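The structure appears below as structure tokens.
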Amino acid sequence: MEHFSVHDRYRLVDLVAPLLKEWPTRLVEACREARMWRSWIIHDDPCPPYALASIVNEHLSLGSYKPSEVEIRAALAYLDRIGGPISKAKLVRLIGDCEAVDAIMQVEANNRL
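Taking my numbering, the leading residue of the sequence shown gets -6, the next gets one more, and so forth.
What follows is the structure, encoded as structure tokens:
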């Protein structure tokens, strides 16, 4: 853009200005309508521009999933039913990792002693 003439820069800003009206509301609404979330918008860019990343992180992040204690215990019961040794690695592959997994695995280990 630094190589553009003053007239070309003016024209470019004139063309882009309508797109920036009501920033970032229009962007957030359009992304939600299209069901586009943070992981889709900036997944290819390890260092996205702050102006975009801050809006996407604030408005379009779904958060991370953490299984409940009931889900963890149900997964343990499932692993027990299918047989074989129960390990944290098997449980994590089934439901994901979180602090509650460690605590419940510790209780289960003590109960089996």
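We put the CB at the ideal spot given by N, CA and C, even for glycine.
Predicted model, so just to flag it, every value in this text is computed and none were measured.
Three or more C-beta pairs below 8 Å linking the segment 11 to 29 and the segment 57 to 64: No: fewer than three Cβ pairs fall under 8 Å.
Local Cβ density within 10 Å of Ile75, reported as buried at 16 or more and exposed below that: Residue burial annotation: Ile75 is exposed, with fewer than 16 other C-beta atoms found within 10 angstroms of its C-beta.
Simplified DSSP state of Asp7, which is helix, strand or coil: helix
Rounded separation between Pro17 and Phe(-3) - CA only: 27 Å
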